[in-house]
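Structure, as C-alpha cells:
Numbering (our numbering), first residue to last: 6 to 235.
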C-alpha cells in the first residue's frame with residue numbers, strides 16, 4: 006500500500022468514526038427527550054407513590070449489600086466502627102424523590118455523600134443529618150448551582166473521595182433491560198463511576214416509564230450493576 010493509499014484509508018476510518026459518533030449523539034438526544042417527556046407526564050401523586058416504593062427497595066437492597074460487605078474477612082475488624090458511605094443525589098424536577106431513603110439511611114448511621122457542582126466539576130460532600138436542612142436550603146435544592154471548593158470549606162463541609170464510597174445511587178434519564186444508563190449528557194457520572202472501588206456497587210433509580218427498548222451507547226458507557234424502578 007502506498008503512502009497516499011494508507012493516508013486515504015486512515016482518513017476514511019476517521020470519517021466513519023466521526024459519523025458513528027454523530028449518529029450516537031443524535032440517538033441519545035432523541036432517547037433523552039422521549040424519556041424525560043414520559044417522566045414529566047407521571048402525575049405528581051403517582052410519582053410520590055413510586056418514589057416511596059423505590060426508596061423502600063433501596064433500603065432493603067442497601068442493607069443486604071452492606072451486610073455482605075461487612076462480613077467479608079478483610080472488613081470484619083472494622084465492622085464495629087465503619088460507617089458506610091452512600092453516594093446519593095438531591096432530586097430535581099421530576100426525578101425520583103429519595104427523601105425517604107435519606108432519613109432511613111441517617112437512622113442506620115450511614116454517611117450520605119451528595120454531589121455538588123464545583124469550580125472543578127462534580128464533587129461529593131458529606132452532609133450529616135444535623136446539617137441536612139441547612140445544606141438543603143443553602144445549595145442541595147439547586148443541584149446545578151456551581152459552588153467553589155473554597156466556599157464549601159468555608160461552610161465546613163467535608164469532601165468525600167470516590168474511593169471511600171461503599172455504594173452509589175445514581176439518577177438517570179433512561180435505561181434498558183441490559184442496565185445501560187442514559188444520563189443528562191454532562192458526563193458527571195461517566196467520570197465518577199470508574200473511580201469507585203471495584204466492590205462498590207452502582208445502582209440506578211428511575212420510574213418504569215423511563216425504560217426504553219434500547220439505550221444508545223458509546224464505548225465509554227458502562228452498564229450499572231442494577232436499576233431499581235417502580
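Even for Gly, the Cβ is constructed at its ideal location relative to N, Cα and C.
Could you tell me the alpha carbon to alpha carbon distance between residue 66 and residue 143, rounded to whole angstroms? 30 Å
Opposing strand residues paired with residue 165 [DSSP bridges]: 129
If you check the beta carbons only, do residue 92 and residue 173 fall under 8 Å apart? yes
Below 7 Å CB to CB, which residues in the same chain sit around residue 214 once its five sequence neighbours on both sides are set aside? 43, 44 and 47
In terms of alpha-carbon separation, which member of 224, 212 and 137 lies closest to residue 235? 212
In chain order, what residues of the same chain have a beta carbon less than 6 Å from the beta carbon of residue 171, not counting five sequence neighbours either side? 89, 90 and 205
Between residue 197 and residue 127, which are expected to be in contact by the criterion C-beta below 8 Å, what is the C-beta distance as a whole number of angstroms? 7 Å
Sort 169, 150, 157 and 122 by Cα distance to residue 115 and report the nearest one. 169
Would you kindly work out how many angstroms separate the C-alpha atoms of residue 81 and residue 232, rounded to a whole number? Because residue 81 carries a pLDDT of 45, less than 50, the predicted location of this residue cannot be relied on, and no value is offered for it.
Measure the C-alpha to C-alpha separation of residue 203 and residue 167 and round it to an integer number of angstroms. 11 Å
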